[in-house]
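Below is one structure; the comments refer to it alone.
Residue numbers (this note's numbering): 1 to 58.
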């Protein structure tokens, strides 16, 4: 249900140990999905590069 709420139609998950408890599993899944949004692919990295303020002012 958590993956469907995140908009993921197809996914495989597995857990064992302490993560197998539903609350821990949901938090671990949420954290993993959140971290994928912070990853910049090569096409996005070029847009993020800016000049230093001192260089841009000259």
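C-beta: ideal position from N, C-alpha, C; glycine also.
CA-to-CA distance, residue j to residue i, given in whole angstroms
i          : j          : result
residue 28 : residue 7  : 17 angstroms
residue 13 : residue 32 : 11 angstroms
residue 41 : residue 5  : 24 angstroms
residue 23 : residue 30 : 11 angstroms
Residue i, enclosing alpha helix (DSSP H) - first and last residue
i          : result
residue 31 : 22 to 37
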